[in-house]
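Novice:
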Amino acid sequence: MTVGFHFLFPAMTLGVTLVILISETGYLIKKEERYRRITDFLARLLGLIFVIGAATGLTMEFSFGTNWSNY
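Sequential numbering from 90 applies to the sequence shown in the working numbering.
1) Taking Cβ to Cβ, would you say His95 is nearer than 8 Å to Thr145?
2) Is DSSP giving Tyr160 helix, strand or coil here?
3) Looking only at its own chain, which residues have a Cβ that is under 6 Å from the Cβ of Leu135, when we skip the five neighbours before and after it?
Structure follows, in structure tokens:
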């Protein structure tokens, strides 16, 4: 369960990072405020995704240690 849940977060991190790059580029080129707001929102979302991914990764590491310690 933990591995399946954690599997989502690296892909979401990479995807959101790409969308932030596109949005920030749009803001720098067009100088429209909506692109900056989108970038700010997605940057906060990226931080949340990173924290949750790190928490599930740490949990997964401990479960590997307890379940497969004999190997």
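All residues carry an ideal CB built from backbone N, CA and C; glycine is no exception.
Specialist: So, from the data block:
1) Cβ atoms of His95 and Thr145: closer than 8 Å.
2) Under the three-state reduction of DSSP output, Tyr160 falls in the coil class, being neither helix nor strand.
3) The answer, listed in chain order, is Val105.
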